[in-house]
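Have a look at the structure below before the remarks.
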Amino acid sequence: MHAHANLVEEVRELAARLGASEALARVARELFEELAEPFKGCRKVLCVQPHPDDCEYGAGATLADLADSGVEITYLTLTDGSKGTLDPSVEPRRLAEVRRREQERAAQVIGVSKLIWLDYPDGELPYSAEVRRRILEVIRGERPDVVMSPDPWLAYEAHPDHRHGGLLTLEAVMFSPLPLFDKGSQPHSVKVVVLYYTARPNYFHPVDRTFERKLEALKAHESQFAATWQTLELYLRVLAAAYGGQAGSTYAEAFRVLPTLLLHASALSELV
Ligand SMILES: [Zn+2]
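Shown next, in the form of structure tokens:
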């Protein structure tokens, strides 16, 4: 009780000097240590991706680093990737098969333990209760400490699979502890979500040791990147160098970390 009284006084004084938003952001960092160390004590990560390649593109070097330190990594791929081509002669079902094999090879490079596929048609992931329930079932089955997904609030994200997939994943994380949702499966609380493809990062993971492995894993997605590899590699190096500059390393990947408690009705979620 005494500690709470101190906190109330502390935030009032901070707010008088810095404004309420900055004061709340600072206090949130004290209350939620996972904001500074989202993977501390983590044994299992579920990384959700709209298409085969997103986990590696958005977070591959971090995932490789976690896998090396013994964290179990599962990928949940929401669509079959069957329309990701500029070549009109490609048969979608054939492309889906190619991309599945590419994803298996890339996952091996990263050190992923398990691949789960929902196989919705590429570009047609519905924003629906059905998809949310299927993601919820995977969360309750896998029981991860951390769930990763694309940031659905990336302002100019035009791909519906990314917007829908990100939102539905966060909704599933929020419902997962509540037993009356999808009755029958065992409720599970995820501690923290880590969003990749974000323009509002609040956490930088140094990846000097594993950045080249991210590139190697991405090269396995030949159908996606072979034609534009040089441009892509430069973009990823520039991005990781900018985040590294901020993080004090050569390379880093950037994420928006949100404690699960902040995923609903919280004034803190935008401030942290
Ligand atoms: Zn994608």
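Counted the way my numbering counts, the sequence shown spans residues 99 to 370.
Where a beta carbon is used, it is the ideal one built from N, C-alpha and C, also for glycine.
Beta carbon of residue i, beta carbon of residue j: below 7 Å?
i, j, result
"Ala159", "Phe302", "no"
"Leu265", "Pro250", "yes"
"Thr172", "Leu144", "yes"
"Val244", "Cys140", "yes"
"Tyr349", "Ala340", "no"
"Ala121", "Ala113", "yes"
"Val252", "Ala324", "Rather than Val, the amino acid found at residue 252 in this sequence is Leu. In this structure, Ala324 does not lie closer than 7 Å to Leu252 by Cβ."
"Pro304", "Ala345", "yes"
"Asp151", "Gln328", "no"
"Gly263", "Pro148", "yes"
Taking DSSP's pairing of strands, which residues face residue i in a bridge?
i, result
"Lys317", "Answer by DSSP bridge pairing: none, since Lys317 is not bridged."
"Phe353", "Tyr301"
"Tyr333", "None, per the DSSP bridge assignment."
"Leu213", "Tyr173"
"Val244", "Val143 and Val290"
"Tyr218", "Thr177"
Could you compute how far the alpha carbon of residue i sits from the alpha carbon of residue j?
i, j, result
"Ile214", "Leu116", "46 Å"
"Ser119", "Glu111", "13 Å"
"Leu293", "Met246", "6 Å"
"Lys142", "Pro136", "12 Å"
"Val188", "Asp163", "35 Å"
"Phe369", "Ala123", "The amino acid at residue 369 is misidentified as Phe; the sequence shows Leu. About 5 Å."
"Tyr295", "Ala165", "20 Å"
"Tyr254", "Val109", "34 Å"
"His102", "Ala365", "19 Å"
"His362", "Thr267", "14 Å"
"Val146", "Pro275", "18 Å"
"Cys153", "Pro248", "9 Å"
"Val210", "Val125", "35 Å"
"Ala157", "Glu351", "7 Å"
Is the region 278-289 touching the region 171-187 in the sense that three or more CB pairs, one from each, lie closer than 8 Å? Cβ pair count under 8 Å is below three, so no.
Along the chain, which unbroken stretches of the beta strand (DSSP E) at least 3 residues long are found entirely within the region 125-202? Correct list: 142-147 and 170-177.
Taking only runs of the alpha helix (DSSP H) that begin and end inside the region 253-310, which ones reach a length of at least 4 residues, in chain order? The region 253-310 contains these whole alpha helix (DSSP H) runs: 258-273.
Pair every Cβ in the region 198-209 with every Cβ in the region 314-325, then say whether three or more of these pairs are closer than 8 Å. Contact holds: three or more Cβ-Cβ distances are below 8 Å.
Inter-stretch contact at 8 Å, needing at least 3 Cβ pairs: the region 118-131 / the region 352-368: Contact holds between the region 118-131 and the region 352-368, because three or more Cβ pairs, one in each stretch, are under 8 Å apart.
Determine, using beta-carbon pairs with one atom in the region 210-225 and one in the region 259-279, whether at least three such pairs fall under 8 Å. Because the criterion of three Cβ pairs below 8 Å is met, the region 210-225 and the region 259-279 touch.
With contact counted as at least three CB pairs below 8 Å, one residue from each stretch, are the region 229-241 and the region 185-199 in contact? Cβ pair count under 8 Å is below three, so no.
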